[in-house]
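Shown next, in structure tokens, is the structure this report addresses.
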Amino acid sequence: MVTFTARRSEPEMLPPARATPRETKSLSDLDDQRTLRYYETVIGFFRSNALPGRPDDPVKAIRAALMEALVYYYPIAGRLREDGAGRLVVDCTADGVVFVEAYVDARLEEFGEPLLPPYPCVEELLCHVGDTRAVVGKPLLFMQVTRLKCGGFVLGFHICHNLADGFGMAQFIKAVSDIARGEAAPTILPVWERELLTARSLLPITRLYPAHEQQANGSGSTARDMMLSVPPQSMVAKYFLFGPREVSALRDRIPAGHPARSATIFELVTAVMWRCRTVALGYEPGQRVRLMTTMNARGRWNNHTPIPWGYYGNAHVSPIAEAVVGELCVQPLADTVELVRETKRGMTKERMESMVETVALLREWPPSTMDMIYEVSDVRWMAVNVLNFGWADLAGGGIPLAGDLTSKLGSDHMWCRNENGEVSTVVSMLLPREAMDRFTEEIAVWLSHKDDEKNLGIMSSL
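Residue 326 is where the sequence shown starts when you use the working numbering, and the numbers rise one by one after that.
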């Protein structure tokens with residue numbers, strides 16, 4: 326695998342291209358979670374094409390487009406501060422974002438064919454952000470665009486999660502690509518309206534969603550949860566590839582005619598990963614484990630609290646499934662899949678409001694007592710067919726296990742193509758080394774294609 330050291334320019338502070346409103350903006354209760362006070366890391370690999378309109382220097386075109394995009398998304402050019410109550414607000418100061426130009430002496434194909442994580446020398450493709458958990462008073466976006474020898478480039482950035490969720494981040498980068506492609510303005514205009522996901526009052530809640538109530542009371546034992554005792558830097562990262570053959574092998578584990586056979590790839594893979602992770606971490610049979618699924622409130626399921634087109638704040642909810650370890654690890658796979666599906670389907674208007682109100686009361690959701698919890702996010706379609714530069718095509722990328730590792734103790738399901746060019750899912754996992762060995766053995770048991778086991782897991786020791 327290729328190794329390299331990036332030649333970087335000095336970091337430059339880019340303000341909006343034109344004057345923007347000077348004001349203070351409030352965040353929603355979902356935005357203002359303390360567990361979101363970190364910089365999310367995203368990386369995208371782009372291949373140049375022969376379509377007309379390609380600029381002489383793609384990096385300079387992106388730089389100019391970023392400044393223009395900040396005219397519309399001007400809060401991102403501001404700074405966070407805490408008000409008298411300890412809540413975060415955005416001072417729209419137009420101080421700007423950090424931008425770095427870089428070059429590496431490598432071609433896109435040298436990063437791997439197929440292009441899959443872990444990406445070589447990924448830290449060389451990202452600019453330095455300092456303490457990723459310190460967000461107050463700092464630039465809210467750090468972007469590096471790296472030229473490749475083949476004419477392609479890599480776009481890597483850190484963005485403060487309090488400002489945007491995954492879809493919001495993709496929407497902002499889409500605005501940059503729209504303008505770099507020649508559009509006069511972003512094709513999706515931004516909407517703030519953070520009051521939509523802010524509790525109406527801070528009065529006591531009469532009824533909490535049971536899983537939220539258990540979390541609010543801090544219940545659960547951390548005695549045997551290695552995920553809380555082993556620091557992330559001492560863990561092992563691994564990515565697991567699920568192409569059509571692997572998904573078919575898992576689906577064949579469910580009896581014909583069972584409703585779980587119609588489960589989505591995300592539901593099916595999540596159920597298996599949760600079971601294998603539970604076994605690997607050595608929880609006792611009588612302990613209870615939880616699965617937290619991040620759901621986008623912009624989805625079709627949410628017909629009761631419409632999120633306006635262009636809203637780029639945090640608009641995700643996290644329903645929780647619970648199971649006793651001894652039952653989870655022996656029940657038919659179909660039962661686990663149905664538990665995942667029922668938990669997602671159970672996200673009602675009342676439960677959604679309960680989550681927002683719980684966040685407002687506790688000022689922290691999920692709470693810091695994250696024992697026995699496995700968190701999963703589906704970000705597969707976030708950037709596909711969205712980041713359209715016209716003169717460059719998205720070859721791959723996603724959320725790498727880099728930057729703030731404490732935010733990646735769950736799994737991200739990301740889009741990719743396997744060695745046959747088939748659309749596939751790659752899933753990240755971060756575990757203590759011994760647990761990762763057990764996890765890899767467990768996941769292999771569920772696959773009938775033994776000759777493909779060598780292609781399933783992609784190791785990266787941190």
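Glycine residues also receive a C-beta, built at the ideal position from the N, C-alpha and C atoms.
7 Å Cβ shell around residue i - same chain, five flanking residues per side excluded
i       : result
Cys-654 : Arg-600, Thr-603 and Val-604
Leu-440 : Phe-370, Ala-720 and Gly-721
Trp-626 : Met-672
Val-770 : none
Glu-449 : Phe-329, Thr-330, Ala-331 and Val-429
Ser-736 : Met-598, Val-701, Val-752, Ser-753 and Met-754
Coarse secondary structure for residue i, derived from DSSP in three states
i       : result
Val-429 : coil
Asp-703 : strand
Arg-343 : coil
Tyr-399 : helix
Phe-492 : helix
Gly-545 : Note on Gly-545: pLDDT 47, under 50, position unreliable in the model; the coordinate value appears next. Coil.
Met-338 : strand
Phe-591 : helix
Phe-565 : strand
Met-560 : coil
Phe-329 : coil
Arg-458 : coil
Spatial neighbours of residue i in its chain, beta-carbon cut-off 8 Å, leaving aside the 5 residues before and after
i       : result
Glu-438 : Glu-744
Ala-622 : Leu-522, Thr-630, Ile-632, Ala-640, His-641, Val-642 and Met-677
Thr-328 : Pro-445 and Cys-446
Asn-542 : Because the pLDDT of Asn-542 is 49, which lies under 50, any placement of that residue in the model is unreliable, and the question is left without a value.
Arg-510 : At residue 510 the sequence reads Ala, which differs from the Arg that was named. Within the same chain, Ala-510 has close Cβ partners Tyr-397, Asp-503 and Ile-504.
Leu-734 : Met-552, Pro-557, Met-695, Glu-700 and Leu-755
Cβ distance (whole Å) where residue i is taken to contact residue j below 8 Å
i       : j       : result
Val-425 : Ser-353 : Between Ser-353 and Val-425 the Cβ distance is about 31 Å, and since that is not below 8 Å, they are no contact.
Val-422 : Lys-350 : Contact doesn't hold; Cβ gap of about 16 Å is too wide.
Leu-451 : Thr-366 : 7 Å
Met-707 : Gly-491 : 5 Å
Asp-420 : Ala-431 : Contact flag wrong, Cβ pair sits at about 34 Å.
Sheet register partners of residue i (DSSP bridge)
i       : result
Asp-718 : Arg-372
Asn-621 : His-641
Residue nearest to residue i in terms of C-alpha spacing, selected from the options
i       : options                               : result
Val-384 : Asp-408, Ser-502 and Pro-442          : Ser-502
Ile-513 : Arg-519, Tyr-699, Ala-495 and Ser-554 : Ala-495
Ser-573 : Leu-593, Val-704 and Gly-582          : Leu-593
Met-468 : Glu-337, Arg-519 and Tyr-699          : Glu-337
Ser-679 : Arg-343, Leu-355, Phe-497 and Gly-611 : Leu-355
Val-516 : Gly-746, Val-704 and Gly-638          : Gly-638
Met-617 : Ile-698, Val-649, Glu-393 and Gln-358 : Ile-698
Trp-740 : Gly-462, Ala-389, Leu-405 and Pro-442 : Pro-442
Arg-412 : Arg-362, Leu-376 and Thr-418          : Arg-362
Leu-465 : Thr-345, Arg-586, Pro-400 and Gly-624 : Pro-400
6 Å CB neighbourhood of residue i in its chain, flanking five on each side removed
i       : result
Ala-386 : Pro-380 and Ala-505
Arg-332 : Tyr-428
Ile-530 : Confidence is the limiting factor: at Ile-530 the pLDDT is only 45, short of 50, which leaves the residue's position unreliable, though a coordinate-based value still follows. These residues qualify, in order along the chain: Glu-682.
Ala-717 : Phe-371 and Ser-373
Pro-757 : Met-551, Val-555 and Met-560
Tyr-534 : Residue placement at Tyr-534 cannot be trusted, given a pLDDT of 49 that sits under 50; what the coordinates show is reported in the next sentence. Within the same chain, Tyr-534 has close Cβ partners Arg-676 and Ser-679.
Ala-524 : Asp-354, Val-681, Glu-682 and Ala-685
Cβ of residue i within 9 Å of any chain B Cβ
i       : result
Glu-438 : Of the protein chains in the structure, only one exists, and it is not chain B.
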